[in-house]
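Per the working numbering, the sequence shown starts with residue 113, numbered consecutively.
One structure is given here, and the rest of the page talks about it.
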Amino acid sequence: MEKEILKNSNEQLKKFAMIVNGDKPMRKVKPEEKLKAGVDLGTSSIVLTVLDSKNRIVYGAYEYDHAVQDGIVVNFMESVNILRRLKEKAEKVLGCELKTACGAIPPKTGEKSAKVVANVIEETGMICTGIEDEPTAAAKFLRLANGTVVDIGGGTTGISVFKNNKLIHVIDEATGGFHMTLVLGGRYKIKNDEAEQLKRDKDKEAEVYAVIKPVVEKMAAIVQNMGAEVIDPVIVVGGATNFTEFTNTFSKTLKRKVYKPLYPQFVTPLGIAMFDD
């Protein structure tokens with residue numbers, strides 16, 4: 113079942129992981145070809161994705177950052193500078209200019225937040241074609257007509273329930289990957305930057321996960337509290353889900369099967385680009 117639900121998405125994600133931040137695109141871009149770009153201003157990273165007019169992957173780049181907190185841009189110029197670098201890198205690899213891009217925000221973070229993201233995009237010289245909800249973008253990439261997307265970012269957990277391709281329920285809670293970092297920092301008495309490095313250290317994953325597991329259980333409890341509103345399949349995405357045991361913990365709390373695509377940190381950014389029309 114898992115293979116069927118995520119088969120197409122996983123194939124695309126594998127391709128994207130191969131070319132992201134590299135010096136070659138998926139294929140050569142024709143002059144005057146219409147490209148679509150997605151910008152994900154995340155709490156822990158800023159991602160730029162590039163697709164062709166048929167939503168096929170062309171290129172992508174990302175950088176880790178601290179310019180966003182809980183889904184809100186707190187350092188405008190840092191966000192602009194990072195995105196400008198990513199845009200320049202992509203344009204150099206592609207040999208053409210990126211003219212438009214779509215952005216996204218966590219659910220219910222408001223018009224002001226959407227305006228700031230649009231301003232960041234436009235400050236780099238691209239026209240912002242729209243701002244989407246992050247879980248809605250994830251669902252578009254996953255081709256999910258019915259189900260629940262749990263988008264766990266650095267600062268927030270956004271939950272969106274879809275029925276017949278329509279968004280019927282959405283909530284956003286301020287618990288994310290950064291809260292895992294805080295717990296690690298407290299446990300080992302280290303600064304946030306060190307804790308963030310430790311969290312990403314694959315060799316220490318078992319030890320790290322034992323400490324942050326209660327945070328994952330809390331995230332799952334947010335979904336559990338929605339009761340009958342949750343529709344299967346439940347799919348978790350976002351960089352904070354990048355732990356081997358993550359879906360097992362989620363499944364135990366929810367008492368239902370939970371799915372996670374490969375490279376979950378790239379699901380939402382790729383979905384955002386699909387809206388750049």
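Here a beta-carbon is modelled for each residue, glycine too, at the ideal position from N, C-alpha and C.
Residue i: CB within 7 Å of a non-hydrogen atom of the ligand GTP
i: E144; result: The ligand GTP is not part of this structure, which contains no ligands at all.
Coil, strand or helix - residue i by DSSP
i: P223; result: Residue identity check: residue 223 is Glu in the sequence provided, not Pro. Note: E223 maps to helix in three-state DSSP.
i: I324; result: helix
i: V192; result: helix
i: L153; result: strand
i: A173; result: strand
i: Y371; result: strand
i: V159; result: strand
i: E308; result: helix
i: D315; result: helix
i: V335; result: helix
Classification of residue i by the beta-carbon crowding that lies within 10 angstroms, buried from 16 upward
i: K311; result: buried
i: I347; result: buried
i: K364; result: exposed
i: Y174; result: buried
i: Y176; result: exposed
i: M130; result: exposed
i: E326; result: Here the sequence assigns Pro to residue 326, which means Glu is not the residue at that position. So P326 ends up on the exposed side.
i: K148; result: buried
Euclidean distance between Cα positions of residue i and residue j
i: I271; j: T221; result: 13 Å
i: E329; j: N193; result: 36 Å
i: L125; j: V379; result: 8 Å
i: Y171; j: L256; result: 23 Å
i: F274; j: N258; result: 5 Å
i: E200; j: P373; result: 29 Å
i: A385; j: G242; result: 10 Å
i: F387; j: C240; result: 11 Å
CB contact below 8 Å: residue i versus chain B
i: I334; result: Protein chains in the displayed structure number just one, and chain B is not present.
Open item on the list: For the pair the region 202 to 211 and the region 143 to 163, tell me if three or more CB-CB distances fall below 8 Å.
Closed with: At 8 Å Cβ cutoff, the stretches touch.
Task: Three CB pairs or more closer than 8 Å across the region 215 to 229 and the region 148 to 160 - done: Touching, yes.
- [ ] Say whether the region 334 to 345 touches the region 289 to 303, bearing in mind that this needs 3 or more beta-carbon pairs closer than 8 Å, one atom from each stretch.
- [x] These segments do not touch.
- [ ] Go through the region 208 to 280 residue by residue and report every complete run of the beta strand (DSSP E) that reaches 3 residues or more, in order.
- [x] Taken in chain order, the unbroken stretches of beta strand (DSSP E) that lie wholly in the region 208 to 280 and span 3 residues or more are 212 to 217, 239 to 245, 259 to 264 and 269 to 275.
Open item on the list: Tell me whether the region 355 to 362 and the region 313 to 326 touch, counting them as touching only if at least three CB pairs, one residue from each stretch, are closer than 8 Å.
Closed with: The region 355 to 362 is in contact with the region 313 to 326.
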